[in-house]
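These notes concern the structure reproduced below.
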Amino acid sequence: MLTSKRDQGKQNLENVSHGTAMLKKRRKMTPEQARYAGKHGKADLHMHSTYSDGCGTIEEILEHVQNNTDLDVIALTDHDVIEGALRARDLWARGSYRFDFVVGEEVTTTQGHLLALFIEKRIPNGFSMERSIDMIHEQGGLAVVAHPLHRFFRHSCQRSVMDQIHASKDVWLDGVETWNASFCGIYANYIAMGTNREVYGLPELGNSDAHTLSAIGSGVTWFEGQTAAEIRAAIEQNASAPGGKMWDMQAYYHWVRYLMNKEHREARRPAIA
């Protein structure tokens, strides 16, 4: 598909104007800038349901996005499982939702978390970042590194790994999440934006990493269009841009309360003889 990943990296840096060149080194795109740039579409391609560690059921997430957000595209990316995303797509296809849907997964690699988008089969966890990227590409999916360059978060991909991938001729990232609205993005978002714009030139995404309904849409990816095909094209053409805000305290409160109640229920569950 790509003849030279080194050349592609150079092209990414040259073509960054499609997505983020109008932005300062460590700034996300504002709604006003998005309108000026013709990026009227809003996507949130990183969120979690009760199939992993999120609070919302599949049905609740679909209804919340429909009735309480202005998102055009979403992806469900539960940790190391795809069943919830496939079920959500089935429900979405049978409904009359105004937004488009992408099947995804947040893959736990040995070197950090990786978003697998536009896939049909589960990507197994526990492999290296490079092997996981290859498995995503074998399905025709997009590989986007999630919440990178956080020095103290063990599931954050570090600079040495990203440098290695950037230098490789055989493996490549399709994008980087430079705005993560959760605690994973605190301070690290600005490092990711600055480093990417100086060094890697990868297409940039903004996502909520929502684990509660209220957090959905807090992080967004701006793009031209309204559909899943158009957000994919924007990423592939380096024409997407990160935006949004951070989780509010209500999102943290609901998530922590949910996790504590879940732990309490599991502790009271009778042991199987």
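Residue numbers (full-length UniProt numbering): 1 to 273. C-beta: ideal position from N, C-alpha, C; glycine also.
Tell me residue i's beta-bridge partners as DSSP assigns them.
i    : result
W179 : G206
A143 : A116
A43  : V73, T221
T108 : H113
V102 : A75
Skipping 5 residues on each side, what residues in its chain have a beta carbon closer than 7 Å to that of residue i?
i    : result
W255 : C55, H211, T212
A143 : L114, A116, I133, I136, H137, L173, D174
H264 : none
G141 : A116, L117, F118, I119
K42  : D70, L71, D72, V220, W222
Y258 : C55
K39  : W222, F223, E224, A241
E83  : Y51
What is the residue span of the alpha helix (DSSP H) that residue i lies within?
i    : result
A85  : 83-94
R232 : 228-236
R257 : 249-268
G194 : 188-195
V161 : 159-167
V199 : First-last for V199: undefined, no H or E at that position.
R35  : 31-36
D80  : Segment: none, D80 is in no alpha helix (DSSP H) and carries neither H nor E.
R131 : 129-138
V65  : 58-68
For residue i, which residues of its own chain have a beta-carbon under 6 Å away from its beta-carbon, when the five flanking residues on both sides are left out?
i    : result
R268 : none
A251 : T212, S214, A215
T110 : S128
T227 : D100
A93  : none
A88  : I58, L76
D80  : T108, N125
E230 : none
V161 : Q111, M129
Using 8 Å as the threshold, is the C-beta distance between residue i and residue j below it?
i    : j    : result
M47  : G243 : no
T146 : H113 : At residue 146 the sequence reads Ala, which differs from the Thr that was named. For A146 and H113, yes; Cβs fall inside 8 Å.
V171 : D44  : no
E59  : L115 : no
G175 : R26  : no
I119 : S132 : no
A37  : M22  : yes
R197 : T20  : yes
F223 : S240 : yes
I165 : E130 : yes
L91  : V103 : no
Q66  : Y97  : yes
So residue i is in the beta strand (DSSP E); what residue range does that whole segment cover?
i    : result
A241 : 241-244
Sorted by chain position, which residues of the same chain lie with C-beta nearer than 8 Å to residue i's C-beta, five sequence neighbours on each side aside?
i           : result
G126        : T108, T109, T110
H64         : G56, L213, I216
residue 274 : The displayed coordinates of the chain run from 1 to 273. Any statement about residue 274 would go beyond what the structure contains.
A181        : G206, N207, S208, D209, A210, A215, S218, G219, G244, K245, M246, W247
E236        : L142, D174, P203
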